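Protein chains in written order, with our numbering: chain X, 1 to 217; chain W, 1 to 228.
Following: one structure in structure tokens, then a few remarks.
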């Protein structure tokens, strides 16, 4: 729970910035940046986890720096699990937020400009509130994905109960021990419930966006 | 209007592969109409005055304030121009109430000395009963009245209207034209008005700039340009 929450919250501002950049700016290599950001969606999670281990592990070039600067270690700690979950959920969040930015009528932003709002105010008073349903959809999907993250997490930070164990890795552990079936089933049901709630919530929010746009046709 | 003459001076040149806009005109009129067929470039001119578009070269001066001057490398961004823009389809903020929409512009210009009185604007435009509602629940005519109020509350030096009546039926058009006349006369805000409709020009404009294919083809009062 804590792992997924932190992973999502830390990823959110990054996703907002990246989504805005991809939706609004034109820059060289945009397709490649887009591709890299979406990689975790299609790569085998174990590969993502392995690369996280290489970069953020204690001997990894970023992991070392971050430890020296902030005293934070990722490998085999819950922070690492959060990082892995965040990275895995990030593309889902990015996609939802980007689509909601692209759906906003840019003339509204121009209208805000002629009324005296500078670009920053316009972003916070017009763009962001209008994109809010899409941002929530992204956060929910990312959170659900983070809760269910297995491959990248287990590769990067292993499976330590109470530290780096996620729901799927707990289920996996239970299925490996005799008599763990009922526990595994219980956790599976919980994770189905979470996924359903997340999907329904995001669908409801999506419909509300559609409605809003339709009215202003 | 502070006696600064001319009130509006525009000279812009913009070259595109398929279209060249090359106009120069001045006006001291309370309501200047940019009149011409669709695609003649009149909305482009309006967007350049607002700073939404940047001309390749040119100079735009409103009431003594240089807003654009490509030779002097001056380009004031839209939010510092104090121009009110009334869009064809109102462009109210859907996530704000009518009241919040109207106050949006006021809030950013609250340091201005001469703000127009909110009560008078709400009164003239007859939107007192709408203040708590959301734009989605308003009719087309109501949205336009709110859009006018919003633009006025930003205490603009000049009001730019881009075919503000195009989306309305005849009864609503006549009603909003009456309101535009009152804004012109009671709040003393000069207006630049883009349209392709002769009846709007005749009723509202004291000066007409007729534009065709990116060039000014006639300047004068309505009778001069349109004939009696």
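Quick reminder that beta carbons are idealized off the backbone N, C-alpha and C, glycines included.
Just so it is clear, the structure is predicted and the values come from calculations on it, not from any experiment.
Spatial neighbours of residue 79 (chain X) within its chain, please: CB distance less than 8 Å, with the 5 preceding and 5 following residues excluded, ordered by chain position.
6, 72 and 73
Proximal residues, the region 175-188 of chain W versus chain X, C-beta separation under 7 Å
none
Anything in chain W within Cβ reach of residue 129 (chain X), meaning under 9 Å, just list it in chain order.
Listed along chain W are 93, 95 and 96, each with a C-beta nearer than 9 Å to that of residue 129 (chain X).
What do you reckon, are the CB atoms on residue 208 (chain W) and residue 24 (chain W) nearer than 8 Å?
Not a contact, by the Cβ cut-off of 8 Å.
Show which residues of chain X have a CB atom less than 9 Å away from the CB atom of residue 84 (chain W).
114 and 115
Whose CA, out of X:35, X:42 and X:116, lies closest to the CA of residue 76 (chain W)?
Of the listed residues, the one whose Cα sits closest to residue 76 (chain W) is X:116.
Helix, strand or coil for residue 26 (chain W) per DSSP?
The answer is strand: DSSP assigns residue 26 (chain W) an E or B state.
Note down, in chain order, each residue of its chain lying with its Cβ closer than 8 Å to the Cβ of residue 94 (chain W), except the 5 sequence neighbours on either side.
Here residue 94 (chain W) has 134, 135 and 136 as same chain residues with Cβ atoms under 8 Å from its own Cβ, once five neighbours each way along the sequence are excluded.
Suppose you measure from the CA of residue 187 (chain W) to the CA of residue 120 (chain W); what does that come to, to the nearest Å?
9 Å
Between which two residues does the beta strand (DSSP E) containing residue 155 (chain W) stretch?
Residue 155 (chain W) -> no beta strand (DSSP E), and no H or E assigned at all.
With a 10 Å radius around its C-beta and 16 neighbouring C-beta atoms as the bar for buried, classify residue 72 (chain W) as buried or exposed.
exposed
Cα-Cα separation between residue 80 (chain W) and residue 154 (chain W), rounded to whole angstroms:
Using only the alpha carbons, I get a separation of about 11 Å.
Roughly how many angstroms separate the alpha carbons of residue 206 (chain W) and residue 221 (chain W), rounded to a whole number?
6 Å
Looking at the secondary structure, which residues open and close the alpha helix (DSSP H) in which residue 13 (chain W) lies?
Careful: residue 13 (chain W) lies outside any alpha helix (DSSP H), inside the beta strand (DSSP E) at 8-16.
Residues sharing a beta bridge with residue 35 (chain W), DSSP:
W:195 and W:210
Could you name each continuous alpha helix (DSSP H) segment of 4 residues or more that falls completely within the region 8-47 of chain X, going from the start of the chain to the end?
DSSP runs (the alpha helix (DSSP H)) wholly in the region 8-47 of chain X: 30-42.
Spatial neighbours of residue 194 (chain W) in its chain, beta-carbon cut-off 6 Å, leaving aside the 5 residues before and after
34, 42, 43, 46, 162 and 163
Going straight from the alpha carbon of residue 78 (chain W) to that of residue 205 (chain X), what length do you get?
33 Å
Quick check: what's the CA-CA separation for residue 147 (chain X) versus residue 171 (chain X)?
Each residue's alpha carbon lies about 12 Å from the other.
Within the region 84-150 of chain W, ranges of the alpha helix (DSSP H) (whole runs, at least 4 residues):
98-108 and 118-125
Which residues does DSSP pair with residue 57 (chain W) in a beta bridge?
When beta bridges are read from the DSSP output, residue 57 (chain W) appears opposite W:13.
Distance between residue 101 (chain X) and residue 20 (chain X) (C-alpha atoms, nearest Å)
The straight-line gap separating the alpha-carbon atoms of residue 20 (chain X) and residue 101 (chain X) is approximately 7 Å.
Near residue 216 (chain X), which residues of its chain fall below 8 Å by C-beta distance, leaving aside the five closest residues on each side in sequence?
Low per-residue confidence applies at residue 216 (chain X): pLDDT is 43, beneath 50, and the placement is therefore not dependable, though the value from the model is reported in the following sentence. Excluding sequence neighbours, residue 216 (chain X) sits near 105.
What's the gap between the Cα of residue 125 (chain W) and the Cα of residue 90 (chain W)?
Residue 125 (chain W) and residue 90 (chain W) have their C-alpha atoms spaced approximately 14 Å apart.
May I ask you to report which of helix, strand or coil DSSP gives residue 218 (chain W)?
strand
Test item: CB-CB of residue 144 (chain W) and residue 191 (chain W) under 8 Å
no
With a threshold of 7 Å on Cβ separation, who are the neighbours of residue 214 (chain X) within its own chain once the five nearest residues in sequence on each side are excluded?
Bear in mind that a pLDDT of 48 at residue 214 (chain X), under 50, signals an unreliable position, so the model cannot answer this.
Beta-carbon proximity check, residue 45 (chain X) vs residue 150 (chain X), cutoff 8 Å
yes
State the DSSP-derived secondary structure class of residue 65 (chain W), mapped to helix, strand or coil.
strand
Starting from the beta carbon of residue 219 (chain X), find every residue of chain W whose beta carbon is closer than 8 Å, and list them in chain order.
Since the displayed chain X opens at 1 and closes at 217, residue 219 (chain X) lies outside it and no answer follows.
Closer than 7 Å by beta-carbon distance: list the chain X residues that pair up with residue 79 (chain W), in chain order.
113, 116, 117 and 118
If we count the other Cβ atoms within 10 Å of its Cβ and call it buried at 16 or more, is residue 166 (chain X) buried or exposed?
Residue 166 (chain X) comes out buried.
Anything in chain W within Cβ reach of residue 107 (chain X), meaning under 7 Å, just list it in chain order.
Result: 87 and 91.
Are residue 86 (chain W) and residue 151 (chain W) closer than 8 Å when you measure CB to CB?
yes
Is residue 115 (chain X) helix, strand or coil by DSSP?
coil
Could you tell me whether any Cβ in chain W is nearer than 8 Å to the Cβ of residue 126 (chain X)?
yes
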